[in-house]
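Asker:
Chains as they are written, first to last, in this note's numbering: chain A, 568 to 804; chain B, 5 to 227.
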């Protein structure tokens, strides 16, 4: 059973490595320079997929949280925590790459655009949510608090976006109702990058969930050990 | 069973407790005034920019004062293990939420009623305006809906009060934006229909988060 899981994880890691190599080649060796922005535009192929994966990760965290509140299965707790942590990591990447890209193109590190602000607010909220988790004593309560917080956090994302969009925006809109506003070769590269980072997310999530499950098992064993009558006589023999 | 009288009893209990000490209300009021005064210095208000800045200051003051109140409402329950008594009561957990939330709405509204005349005097803005009161009511409802839920989580952590603002302010970003914009439009003497977009956003926020908190409360208060 666990060998089959190992096998699946290795396949996932392999696929992710392959797609990342392919996307790196596409980004640096295949796709042409953007006409106006030049080579700096290539950061786009890391920026957009990171932002996408961050949203996906928060969605998975909220879904796992909802499912946890229905089932109370502690493995779902491992999934929601892992996914929210990864969401914070990927939104950090999206914010930093976006900022680096904005400096030469918009001539500023930051603007209060809906997408930027929404990502920042989301990032702050999920950081606070994981801080709260660290301050709660019992694992069961940690899980319930996190589940409620992740669901609320995700529901809030469209509202934040809507509120800020009512101001004007300079962030380019890629996906309109009439299709993609992108060159085919760029679209291919973007697609590959999105696939690569999504697979990477899946890999890290799988590993992180395993670590979470092991952590819980160890702490259960430790608690069990400390309640045994000979616990204070010394360590394991 | 869902019995709205349980919620009302919680409100009555909270108001009765508060009226004996007036600790939370006094703190909220003084703090709100302090925020207004500090911002007055920090932003160098002049007669030509006061109209643009005043709504923002008002809502920062309200949100900060509300935060104090939310923390207080559950810290008090924790102190003498009153929350256990509350949970033992033969009332639906969701009704406890509704009661605590309405109690917070009462306290916040009382504090706001005291702050508004002073705000009007300091910034020379007309506050005798039912449209403004509607905006304030919608904003207060939203803040209390989320604040009550987060406060019960915050008081059961080791950090107690510290964590509440970190969660509350990111979540209420859309509400605060809409409240500030709507307040600005109302204070500028525009008709309520001009601010309709923002009022709708606030109403949506209130409904969504009251429902979510109503459903989520029993998971976070459970021992």
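Idealized CB from N, CA, C, for every residue including glycine.
Computed from a prediction, not measured in an experiment: that's the story for all the values here.
Step through the CB atoms of chain B and report whether any lies within less than 7 Å of the CB of residue 769 of chain A.
Answerer: Answer no: the Cβ-Cβ gap between residue 769 of chain A and chain B never drops below 7 Å.
Asker: Skipping 5 residues on each side, what residues in its chain have a beta carbon closer than 6 Å to that of residue 511 of chain A?
Answerer: Any answer about residue 511 of chain A is impossible in this case: the structure gives chain A only from 568 up to 804.
Asker: To be precise: take each residue of the region 698-729 of chain A, compare its Cβ to all Cβ atoms of chain B, and keep it if any distance is under 8 Å. Which residues remain?
Answerer: So the list reads 698, 699, 702, 703, 704, 708, 711, 712, 714, 715, 716, 718, 719, 720, 722, 723, 726, 727 and 729, given in the order they occur along the chain.
Asker: Which residue or residues does DSSP assign as beta-bridge partners of residue 605 of chain A?
Answerer: Per DSSP, A:601.
Asker: What does the alpha-carbon distance come out to for the pair residue 776 of chain A and residue 570 of chain A?
Answerer: Between residue 776 of chain A and residue 570 of chain A, the C-alpha separation is close to 16 Å.
Asker: For the alpha helix (DSSP H) that residue 785 of chain A lies in, which residues bound it at each end?
Answerer: 751-794 is the span of the alpha helix (DSSP H), which, as asked, contains residue 785 of chain A.
Asker: Are the beta-carbon atoms belonging to residue 179 of chain B and residue 209 of chain B less than 7 Å from one another?
Answerer: Yes, these two residues count as a Cβ contact at 7 Å.
Asker: Give the residues of chain B in contact with residue 696 of chain A, contact being defined as C-beta atoms less than 8 Å apart.
Answerer: Those are 171, listed as they occur along chain B.
Asker: Below 7 Å on C-beta distance, what does residue 284 of chain B contact in chain A?
Answerer: One cannot answer for residue 284 of chain B here, as it falls past the ends of chain B, which runs 5 to 227.
Asker: Quick one: is residue 216 of chain B near chain A, going by C-beta distance under 7 Å?
Answerer: With 7 Å as the cut-off, residue 216 of chain B counts as an interface residue toward chain A.
Asker: Are there 16 or more other CB atoms within 10 angstroms of the CB of residue 597 of chain A, so buried, or fewer, so exposed?
Answerer: By the 10 Å Cβ count, residue 597 of chain A comes out exposed.
Asker: Does DSSP put residue 639 of chain A in a helix, in a strand, or in coil?
Answerer: Correct three-state label for residue 639 of chain A: coil.
Asker: Using a Cβ-Cβ cut-off of 7 Å, state whether residue 59 of chain B counts as contacting chain A.
Answerer: No, its Cβ sits nowhere closer than 7 Å to a Cβ of chain A.
Asker: Note down the Cα distance separating residue 225 of chain B from residue 667 of chain A, rounded to an integer number of angstroms.
Answerer: Those two C-alpha atoms are separated by around 44 Å.
Asker: Alpha carbon to alpha carbon, how far is residue 654 of chain A from residue 600 of chain A? Give it in angstroms, no decimals.
Answerer: Spanning the two alpha carbons is a distance of roughly 30 Å.
Asker: Do residue 152 of chain B and residue 185 of chain B have their CB atoms nearer than 7 Å?
Answerer: Not in contact: residue 152 of chain B and residue 185 of chain B (Cβ atoms no closer than 7 Å).
Asker: Please tell me whether residue 766 of chain A and residue 586 of chain A are closer than 7 Å, where the distance is taken between their beta carbons.
Answerer: Yes. Within cutoff.
Asker: Looking at chain A, which residues of the region 155-166 of chain B have a Cβ within less than 8 Å of any of its Cβ atoms?
Answerer: Residues passing the 8 Å Cβ filter: 157, 158, 160, 161, 162 and 163.
Asker: Which residues in chain A sit within 8 Å of residue 209 of chain B, going by Cβ to Cβ distance?
Answerer: Going along chain A in sequence order, the residues near residue 209 of chain B (Cβ under 8 Å) are 726.
Asker: Could you check the C-alpha separation between residue 615 of chain A and residue 665 of chain A for me, to the nearest Å?
Answerer: Looking at the two C-alpha atoms, the distance is approximately 9 Å.
Asker: Quick one: is residue 683 of chain A buried, meaning 16 or more other Cβ sit within 10 Å of its Cβ, or exposed?
Answerer: It counts as buried.
Asker: What's the C-alpha gap between residue 611 of chain A and residue 647 of chain A?
Answerer: Rounded to whole angstroms, residue 611 of chain A to residue 647 of chain A spans 28 Å at the Cα level.
Asker: Alpha carbon to alpha carbon, what distance is there between residue 80 of chain B and residue 122 of chain B?
Answerer: Taking the straight line from one Cα to the other gives about 29 Å.
Asker: Could you check the C-alpha separation between residue 706 of chain A and residue 719 of chain A for me, to the nearest Å?
Answerer: Rounded to the nearest angstrom, the two C-alpha atoms are 20 Å apart.
Asker: Which one of B:33, B:183 and B:59 has the shortest CA to CA distance from residue 111 of chain B?
Answerer: It is B:33.
Asker: Using the rule of at least 16 other Cβ atoms within 10 Å of the residue's Cβ for burial, across every protein chain shown, is residue 675 of chain A buried or exposed?
Answerer: Its Cβ having fewer than 16 others within 10 Å, residue 675 of chain A is exposed.
Asker: Measuring CA to CA, which of B:22, B:101, B:114 and B:202 is closest to residue 8 of chain B?
Answerer: Per the Cα distances, B:101.
Asker: Specify the secondary structure class of residue 51 of chain B as computed by DSSP and reduced to three states.
Answerer: Three-state result, residue 51 of chain B: coil.
Asker: Spatial neighbours of residue 10 of chain B within its chain, please: C-beta separation below 6 Å, excluding the five flanking residues on both sides.
Answerer: Excluding sequence neighbours, residue 10 of chain B sits near 95 and 99.
Asker: What does residue 688 of chain A touch in chain B if you count any residue whose Cβ is under 8 Å from its own?
Answerer: The answer, in chain order, is 174 and 177.
Asker: CB-CB under 7 Å to residue 171 of chain B, same chain, minus the five flanking residues each way: which ones, in chain order?
Answerer: Closer than 7 Å at Cβ, skipping near neighbours: 154.
Asker: When you compare only the Cα positions, how much space is there between residue 626 of chain A and residue 721 of chain A?
Answerer: Taking the straight line joining both Cα atoms gives about 7 Å.
Asker: Could you spell out where the alpha helix (DSSP H) holding residue 697 of chain A opens and where it closes?
Answerer: Looking at the DSSP string, the run of the alpha helix (DSSP H) that includes residue 697 of chain A is 681-701.
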